[in-house]
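Report on the following structure.
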Amino acid sequence: MNLKFKIIVLFALVLAVSCAKNPFTGKSTMALVPNSQIFPMAFQQYNQFLSENKVITGTTDAKRIETIGMKIKTASERWLTANNQADYLKDYAWEYKLVDSKEVNAWCMPGGKIVFYTGILPICKDDAGIAAVMGHEVAHALANHGQQRMSAGLLQQLGAVGTQVAVGNKDPQTQALVMQAYGIGSQVGGMLPFSRAHESEADMIGLTLMAIAGYDPINAVKVWERMSANSGGQAPPEILSTHPSNETRIKELTALIPQAKAEAAKFGVTFK
């Protein structure tokens with residue numbers, strides 16, 4: 009068995025034995041690194057981040073972040089329990105922090121560690137806007153997107169090794185050109201679409217969560233309309249971005265609203 013064939017077999021084995029299922033979509037996902045390893049690392053990084061930044065406590069806005077975060081958490085629990093996944097969140101350790109920063113951003117680490125920057129609050133505008141962003145960020149964690157990105161990165165590295173072996177008998181210039189092409193191709197054709205798909209998936213799940221939590225999902229569309237206006241049209245082409253364009257997100261979210269409302273109605277939540 010030559011080395012090239014061994015690498016192909018290794019790829020196949022890795023993909024075959026390292027899969028998990030996303031309970032929100034039913035899709036199989038890559039899980040080369042288990043959450044039992046990822047969560048402790050995420051918790052440590054989260055605590056380090058908080059120690060190095062100004063965390064706002066006791067204010068009205070800080071309390072809003074925590075209150076709305078808890079509502080989205082409860083919505084997640086309700087949905088998972090109703091879909092026979094009650095134990096899915098057993099290793100989560102939820103925290104909701106507001107951090108003083110002009111950056112227009114929010115994020116949720118694996119395991120439920122959430123940060124909102126003060127800079128995104130004007131874009132959120134109100135509680136429903138915060139719920140839209142909170143739902144989206146929590147959805148990233150619930151769908152194990154961090155785990156999938158880590159797994160994809162490992163596969164990308166393995167692919168680079170395989171490519172290097174495949175051209176090992178070529179001249180140095182050819183090897184350099186092939187490796188450069190692999191790097192660009194795997195990024196533009198693989199990693200970036202993968203990331204954009206995660207954003208769209210988080211939009212879909214987050215919309216459902218905010219609706220179950222009692223917030224009209226139309227407000228997610230309004231958030232992205234404000235985000236688009238705030239950006240002033242300054243964004244890279246979608247094909248070169250980790251995120252869908254604002255226009256794409258607004259269109260997709262608008263189309264998903266009836267589905268989110270239908271899911272919320274199963275829990276007795278309706279909207280006018």
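For what it's worth, my numbering labels the leading residue of the sequence shown as 9, then goes sequentially.
No residue lacks a Cβ here, since even glycine has one placed at the ideal position from N, Cα and C.
Coarse secondary structure for residue i, derived from DSSP in three states
{"i": "Glu103", "result": "strand"}
{"i": "Lys29", "result": "strand"}
{"i": "Lys79", "result": "helix"}
{"i": "Phe279", "result": "coil"}
{"i": "Tyr54", "result": "helix"}
{"i": "Val41", "result": "coil"}
{"i": "Ala94", "result": "coil"}
{"i": "Glu207", "result": "helix"}
{"i": "Gly222", "result": "coil"}
{"i": "Gln34", "result": "According to the sequence as given, residue 34 is Gly; it is not Gln. Three-state DSSP puts Gly34 in coil, outside helix and strand."}
{"i": "Gly191", "result": "Because Gly191 sits at a pLDDT of 44, beneath the cut-off of 50, its placement in the model cannot be relied upon, and the point is left open."}
{"i": "Glu85", "result": "helix"}
{"i": "Ala147", "result": "helix"}
{"i": "Glu74", "result": "helix"}
Integer Cβ distance of residue i from residue j, believed to fall under 8 Å
{"i": "Gly83", "j": "Ala147", "result": "Sequence inspection shows Ala at residue 83; the Gly mentioned does not correspond to that position. Contact flag wrong, Cβ pair sits at about 11 Å."}
{"i": "Val141", "j": "Ile128", "result": "7 Å"}
{"i": "Phe32", "j": "Ile213", "result": "5 Å"}
{"i": "Met117", "j": "Ala50", "result": "4 Å"}
{"i": "Ala219", "j": "Ala263", "result": "Between Ala263 and Ala219 the Cβ distance is about 14 Å, and since that is not below 8 Å, they are no contact."}
Bridge partner(s) assigned by DSSP for residue i
{"i": "Ile122", "result": "Tyr104, Cys116"}
{"i": "Val141", "result": "Per DSSP, none; premise fails for Val141."}
{"i": "Ile64", "result": "Leu106"}
Extent of the continuous alpha helix (DSSP H) run through residue i
{"i": "Thr256", "result": "254 to 273"}
{"i": "Lys133", "result": "Counting along the chain, Lys133 falls outside any alpha helix (DSSP H), and DSSP gives it neither H nor E."}
{"i": "Lys230", "result": "226 to 239"}
Below-8 Å beta-carbon distance, residue i vs any chain D residue
{"i": "Thr33", "result": "In the displayed structure, chain D is absent; only one protein chain is listed."}
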